[in-house]
Amino acid sequence: MFLGPLLAARAGMAAVYHGVAVLLVVWAAAFALLARNAPAPATAQHRGLGVMLEVLTRERLSWLLAAFYFLTFGGFVAFAIYLPTLLKDEFGLPPADAGFRAAGFVVLATLLRPLGGWLSDRIGGARVLSGVFLGVAPFAMLMSWPAVIPFTVRALGCAALLGLGNGAVFKLVPQYFPNQTGTVTGLVGAMGGLGGFFPPLLLALFRSGAASGPGVTWPAFLLLAGTALLLWWANHRVFVPRQQALDL
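327 is the number that our numbering gives to position 190 of the sequence shown; each next residue is one higher, with no gaps.
Set out below in structure tokens:
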């Protein structure tokens, strides 16, 4: 986010892809030489694909965690992708300025992700997510206010909360699925990736006038707020009581 636009401006767009290609080869070589599988317990048994996927149909909690990540990681990816376009079109910012603001969003969310995990280790992932969802709702509603400075502040607030939420979700996955962590992590991660591309499509739909007046974006932010409140309610009903029971 930071270095790509700078490199493209100085050396051309092709240089960005060539540089990424070199980094991919370097990291592939490092992974091949240094990576190791986790040691399997002596009693571990090989499980077929059907047995591993059975947890996804039997355990509803896995889908609720996937919904949490759909919002937290999906929101992070969506803003990272669409924020430069939104800032340019809605507020007339130059491409470089819009890109740097979007990069600040990404950096803040990324740095707070491990903090979300650290807090979850101490007070529980369910409690962290309660604060995240309650905080995202008003920030999202206020983002419909069309002024660049307040919009930037609220976007950074969402970045901080979404980063915390990312770490909290992956505290809960091994806690509730210690024997199916890989399977559930795959589901949760897939839903997070899907969530990253749904909001930009929704924003584009509203801005095109297909679902509302032309150039309108506030319904999309209200939907984000409503989804955050719905997930707060689900977390409060399902995971918070379990966390409280563990603390007794």
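Yeah, the Cβ is synthetic: ideal placement off N, Cα and C, and Gly gets one too.
Terminal residues of the alpha helix (DSSP H) in which residue i lies
i	result
F242	P232 to I260
T364	W355 to D384
E227	R197 to F228
M150	M150 to L171
M328	T318 to R344
P311	V285 to Y313
Contact under 8 angstroms by Cβ, residue i with residue j
i	j	result
A357	A274	no
N316	F213	no
R264	V377	yes
L223	G300	no
T354	L367	no
L245	A296	yes
V325	Y206	yes
L293	F343	no
S267	W370	no
N372	F270	yes
Y219	P337	yes
L170	G156	no
K225	A215	no
F288	M278	no
Same chain, Cβ closer than 6 angstroms to residue i, neighbours up to 5 away in sequence not counted
i	result
G211	G329, G332 and G333
T322	V310
F228	V285
L298	V269, G272 and V273
G261	Q380
F335	none
V153	G141, L144 and A145
A217	V243
P283	none
P221	A235, G236 and A239
Same chain, Cβ closer than 7 angstroms to residue i, neighbours up to 5 away in sequence not counted
i	result
S257	V265, G304, A305 and K308
R197	none
R291	F276, L279 and M280
V162	none
L208	G332, T364, A365 and L368
Contact set for residue i: own chain, Cβ-Cβ below 8 angstroms, skip 5 residues either direction
i	result
V192	S199, F314, Q317, T320 and V321
A233	P142 and A146
G254	G304, A305, F307 and K308
Closer than 7 angstroms: residue i CB and nearest the ligand FMN heavy atom
i	result
A204	In the structure shown, the ligand FMN is absent, as is every other ligand, since no ligand is present at all.
*Contact between the region 361-380 and the region 260-277: three or more CB pairs below 8 angstroms?*
At 8 angstroms Cβ cutoff, the stretches touch.
*asked:* Three Cβ pairs or more, each shorter than 8 angstroms: is that satisfied between the region 309-323 and the region 188-206?
replied: Verdict: yes, contact present.
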